[in-house]
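The structure appears below as structure tokens.
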Amino acid sequence: MGMKAKVALGAVVGVVIIGAVSANSGNGSDGNDGNSGKGSSASTPHASGGKGDEKDAARSEAADKKAAFDGDGEFQVGSDVKPGTYRTTGNTDGMCYWERAKDASGEMDSLLANDNVSGTSYVTVKPTDKLFKSSGCTDWEAVDPKAKGSPASSMDGDGGMFKVGTDIAPGTYKSAGNADDSCYWERTKDAEHGLDSIIANNNVTGTAVVTLRPGDAYFKTTGCGDWKKTG
Numbered sequence: 001m002g003m004k005a006k007v008a009l010g011a012v013v014g015v016v017i018i019g020a021v022s023a024n025s026g027n028g029s030d031g032n033d034g035n036s037g038k039g040s041s042a043s044t045p046h047a048s049g050g051k052g053d054e055k056d057a058a059r060s061e062a063a064d065k066k067a068a069f070d071g072d073g074e075f076q077v078g079s080d081v082k083p084g085t086y087r088t089t090g091n092t093d094g095m096c097y098w099e100r101a102k103d104a105s106g107e108m109d110s111l112l113a114n115d116n117v118s119g120t121s122y123v124t125v126k127p128t129d130k131l132f133k134s135s136g137c138t139d140w141e142a143v144d145p146k147a148k149g150s151p152a153s154s155m156d157g158d159g160g161m162f163k164v165g166t167d168i169a170p171g172t173y174k175s176a177g178n179a180d181d182s183c184y185w186e187r188t189k190d191a192e193h194g195l196d197s198i199i200a201n202n203n204v205t206g207t208a209v210v211t212l213r214p215g216d217a218y219f220k221t222t223g224c225g226d227w228k229k230t231g
């Protein structure tokens, strides 16, 4: 538990990065909601291949389950967990902690990125990563890069990360009733959580207004009032 409070890299709540990267960022290449791809093979009937379809569907479901992993543990990249983008949801107390590491030494120099999470988090595990650590999180699910969502026009101010264009629509949003500067928001170009991932961020007291662009990959919000689209 002490590890959670001690280490902090990348987009840490309470640290505002000014001009970290250009606002004209590239699109995030990692995926969206990972649920819509399941069962797609069942939609094409064959005259003599009913059992084959069932086997294909079973293989697809097994692959989906194999891609997911537990919210507690240390996982070797490549054997325990495949490179890719993953999502954890339903973390309500901020005690979900994850970490990407370049080796298993446990030293600070091995840390690539980490976060304490309330709500939802997306993380891209890279092929060059060696270890992924997770503690106190709900189970991680693989994100299907081809999946499409129904973008909302409002979001929980303490909801964590939202995929722009999938979870939340691009546009201008307002959050009111932030009594202190514990309201933190962040626009990112990917889910790697490095300093280079940040397009813009801020700690806010009072009303906050932010424009999410179609080229943004994710929007991160913690400790804020609920956000509503205004334009």
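Residue numbers (the working numbering): 1 to 231. All C-beta atoms, glycine included, are put in the ideal place defined by N, C-alpha and C. Just so we're clear, the structure is a prediction, and the values are computed from it rather than from any experiment.
* Cα-Cα separation, D180 to D70 -> 35 Å
* Does the region 80-91 come close enough to the region 147-155 that 3 or more CB-CB pairs lie under 8 Å? -> no
* So which of A169, Y218, R213, G73 has the shortest CA-CA distance to F132? -> G73
* Can you tell me whether DSSP reads S118 as helix, strand or coil? -> In the structure shown, S118 adopts extended strand secondary structure according to DSSP, grouped into three states.
* To the nearest angstrom, how far is it from the Cα of I168 to the Cα of A191? -> 16 Å
* Same chain, Cβ closer than 7 Å to G2, five either side skipped, listed in chain order -> Below a pLDDT of 50, predicted positions are generally treated as unreliable, and G2, at 34, falls in that range; no measurement from the model is reported.
* To do: Check each candidate in D216, V210, G215, Y184 and name the one with the smallest Cα separation from K229.
  => Cα-wise, what sits closest to K229 is V210.
* Asked: Any idea what DSSP makes of A134, helix, strand or coil?
  -> Sequence inspection shows Ser at residue 134; the Ala mentioned does not correspond to that position. Here S134 carries a strand assignment [DSSP, helix/strand/coil].
* To do: Could you tell me which residues DSSP puts in a beta bridge with V143?
  => DSSP output for V143 lists no bridge partner at all.
* To do: Give me the Cα-Cα distance between L212 and N201, rounded to the nearest whole angstrom.
  => L212 and N201: Cα-Cα distance of roughly 12 Å.
* Going by other Cβ atoms of all chains shown within 10 Å of its Cβ, with 16 needed for buried, is M161 buried or exposed? -> buried
* Taking the alpha-carbon positions, what's the T205 to K220 distance? -> About 17 Å.
* Asked: For the candidate residues D129, C224, Y122, whose alpha-carbon lies nearest to that of K243?
  -> Beyond the ends of the chain as shown, which are 1 and 231, falls residue 243; an answer cannot be given.
* To do: Please report how far the alpha carbon of G215 lies from the alpha carbon of L111, in whole angstroms.
  => 28 Å
* Asked: Does the beta-carbon distance from Y86 to V143 come in below 9 Å?
  -> yes
* Between which two residues does the beta strand (DSSP E) containing S105 stretch? -> Element bounds for S105: n/a, residue is neither H nor E.
* To do: Return the bridge partner residues of G73 from the DSSP annotation.
  => S134
* If we call anything under 9 Å between Cβ atoms a contact, is E188 one with S197? -> For the record, residue 188 in the displayed sequence is Thr; it is not Glu. Result yes, Cβ atoms of T188 and S197 sit closer than 9 Å.
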